[in-house]
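Everything below concerns the one structure shown next.
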Amino acid sequence: MNDPFVTIDLHGMMQAQAMKTIDRALRDAGPMVYQIRLIHGYHRGTNLRGMIQDEYRWHEKVLRIMPGDNPGITVLVLRELY
């Protein structure tokens, strides 16, 4: 992954499948990736949102977790954009 802003659509995924997808994205994220934008949805995506916040809060590559531009998106910040 060389794009500085990666977007992953998690719609329709169960938590285990979403975790595998996120883990692969974090593993493949090179030094040029600043953020991974996770689209989980709002109504049925709240379980995924909670899982993302619980599981990736202390991940070694995740600097911080922030909400996206709508409630159905969560952003994993890997590096600050200066």
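First residue of the sequence shown? That's 1 in this note's numbering, and the numbers climb one at a time after it.
The C-beta atom is built at its ideal place from N, Cα and C for all residues, glycine as well.
Suppose you measure from the CA of residue i to the CA of residue j; what does that come to, to the nearest Å?
i	j	result
Leu-26	Val-75	12 angstroms
Phe-5	Lys-61	15 angstroms
Asp-23	His-43	24 angstroms
Ile-65	Gln-53	7 angstroms
Glu-80	Ala-18	24 angstroms
Gln-15	Thr-21	10 angstroms
Met-13	Asn-47	11 angstroms
Would you kindly check if the distance between the Cβ of residue j and the Cβ of residue i is under 7 angstroms?
i	j	result
Gly-41	Gly-72	yes
How is the beta strand (DSSP E) around residue i delimited, first residue to last?
i	result
Asp-9	5 to 9
Report the CB separation of residue i from residue j in whole angstroms; it is logged as a contact under 8 angstroms.
i	j	result
Ile-36	Asp-9	The pair is not a contact, with the Cβ atoms about 12 angstroms apart (cut-off 8 angstroms).
Leu-78	Ala-29	6 angstroms
### Message
So within the segment 32 to 80, which uninterrupted alpha helix (DSSP H) runs reach at least 4 residues, ignoring any that extend past its ends?
### Response
Listed in chain order, the complete alpha helix (DSSP H) runs (minimum 4 residues) inside the segment 32 to 80 are 46 to 56.
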